[in-house]
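Undergrad: Sequence lines, in order, name chains A and B. Anchor point for the first sequence: position 13 equals 14 in our numbering, and the numbering is continuous, going up by one each time. Anchor point for the second sequence: position 37 equals 39 in our numbering, and the numbering is continuous, going up by one each time. Ideal Cβ placement from N, Cα and C applies to all residues, glycine included. Remember, predicted model here, so these are calculated numbers, not experimental data.
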Amino acid sequence: MAETKAPVERPLSPHLFIYKPTLTMTMSIFHRITGASLYFGTLLVAWWLIAAASSPNAYGGVGSFMSSLVGRLILFGYTWALMHHMLGGIRHLIWDTGRGFGPHEREWLAVATIVGSISLTIVIWIVGYLFMGGAR
Amino acid sequence: MVAGKMSTPLGRVRGLGAARSGTEQFWRQRLTAVANVPLIIAFVLIVVGLLGRNHAAVVQILGSPLVAVIMLLFILSITTHMRIGMQVIIEDYVHDETAKLVLLMANTFFAVAVGLASAFAILMLSFKV
Numbered sequence: 002m003a004e005t006k007a008p009v010e011r012p013l014s015p016h017l018f019i020y021k022p023t024l025t026m027t028m029s030i031f032h033r034i035t036g037a038s039l040y041f042g043t044l045l046v047a048w049w050l051i052a053a054a055s056s057p058n059a060y061g062g063v064g065s066f067m068s069s070l071v072g073r074l075i076l077f078g079y080t081w082a083l084m085h086h087m088l089g090g091i092r093h094l095i096w097d098t099g100r101g102f103g104p105h106e107r108e109w110l111a112v113a114t115i116v117g118s119i120s121l122t123i124v125i126w127i128v129g130y131l132f133m134g135g136a137r
Numbered sequence: 003m004v005a006g007k008m009s010t011p012l013g014r015v016r017g018l019g020a021a022r023s024g025t026e027q028f029w030r031q032r033l034t035a036v037a038n039v040p041l042i043i044a045f046v047l048i049v050v051g052l053l054g055r056n057h058a059a060v061v062q063i064l065g066s067p068l069v070a071v072i073m074l075l076f077i078l079s080i081t082t083h084m085r086i087g088m089q090v091i092i093e094d095y096v097h098d099e100t101a102k103l104v105l106l107m108a109n110t111f112f113a114v115a116v117g118l119a120s121a122f123a124i125l126m127l128s129f130k131v
């Protein structure tokens, strides 16, 4: 029997870091990061619903955490991640139809996703603060 | 297509390849993505509308039939979507077979637990138990 040869050192294809970062590449990474964050963010949704179903005290506990500085930062991040992932998802659905792959179109879509997600997040928070002021 | 070949595209798909599954996941991810858009908009509107309200008002609104059904659909769609999404992430980065299987299991447990707990809470609010 022939001796098993040591595996040949073959060149590996270069990974992400060798390429010059582009906007569309960054957006792809952010889509995954926001998706993973929202995955764990559902714990907040579940906690909020369970507390509401449990007792006024439990619901008050969620309320005081959400209105703390840390709570507000997490909620703000959750809002932006939700909007960004939603708009990024719509971008993917457009791509699924075979449209939007041109160099100008894909750049435009990337910029629209960023501008859209930040604008929507700010609008939601302004409306949220108005509602809180009105209801209290 | 090679002319004169007798095998059809269906015949090649029937083997289903190394993954032993077809396009159900790909399709389900798109299906829930489309459903998520209106459901997320509705969810954000519901949450903003509940800000600053006391517990009794929140229970009444979340438990009302229309809001409860929208919330149930939202929970079902996002937990289905996030389970598939996290599975893709795990399959992309975890190459150790044991670790991958454990994480894939944990992923399903997490998605089902979060979904069921949320749905249970919504039903409790609806039936004012």
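Between A:S14, A:R11, A:M67 and A:R33, which has its C-alpha nearest I92 of chain B's C-alpha?
TA: Ranking A:S14, A:R11, A:M67 and A:R33 by Cα distance to I92 of chain B puts A:R33 first.
Undergrad: Using the C-alpha atoms, what's the distance from H16 of chain A back to F112 of chain B?
TA: For F112 of chain B and H16 of chain A, the distance between alpha carbons rounds to 31 Å.
Undergrad: So the alpha helix (DSSP H) H93 of chain A belongs to, where does it begin and stop?
TA: H93 of chain A -> alpha helix (DSSP H) spans L70 to D97.
Undergrad: Below 9 Å between beta carbons: does that hold for G42 of chain A and L53 of chain B?
TA: No, the pair does not count as a contact, with Cβ atoms beyond the cut-off.
Undergrad: For a contact defined as C-beta to C-beta under 8 Å, what are the partners of R32 of chain B on chain A?
TA: In chain order: L94 and D97.
Undergrad: Mind checking whether T81 of chain B and G117 of chain B have CB atoms under 9 Å apart?
TA: Yes, the pair counts as a contact, with Cβ atoms nearer than the cut-off.
Undergrad: Hey, is I124 of chain B's beta-carbon within less than 9 Å of any beta-carbon in chain A?
TA: Judged by the 9 Å Cβ criterion, I124 of chain B is in contact with chain A.
Undergrad: So, with DSSP's three-state summary, where would you put N109 of chain B?
TA: Note: N109 of chain B maps to helix in three-state DSSP.
Undergrad: In chain A, which residues lie with their C-beta within 9 Å of the C-beta of M107 of chain B?
TA: The premise fails here: M107 of chain B is roughly 16 Å from chain A at the closest Cβ pair, so nothing lies under 9 Å.
Undergrad: At a Cβ threshold of 9 Å, is A5 of chain B touching chain A?
TA: Because A5 of chain B sits at a pLDDT of 48, beneath the cut-off of 50, its placement in the model cannot be relied upon, and the following sentence gives the value as read from the coordinates. Taking Cβ atoms only, chain A never reaches closer than 9 Å to A5 of chain B, which makes this a no.
Undergrad: With 9 Å as the threshold, decide whether the Cβ of I51 of chain A is near any Cβ in chain B.
TA: Output row for I51 of chain A: interface = yes.
Undergrad: For R85 of chain B, which residues of its own chain have a beta-carbon under 7 Å away from its beta-carbon, when the five flanking residues on both sides are left out?
TA: The residues are N109, T110 and A113.
Undergrad: What whole-angstrom Cβ distance do A47 of chain A and A119 of chain B have, given they're in contact under 8 Å?
TA: Confirmed, about 5 Å.
Undergrad: Determine, for L74 of chain A, whether the minimum Cβ-Cβ distance to residues of chain B falls below 9 Å.
TA: Not an interface residue.
Undergrad: Flag A47 of chain A as yes if its beta-carbon sits less than 9 Å from any beta-carbon of chain B, otherwise no.
TA: Closer than 9 Å: yes.
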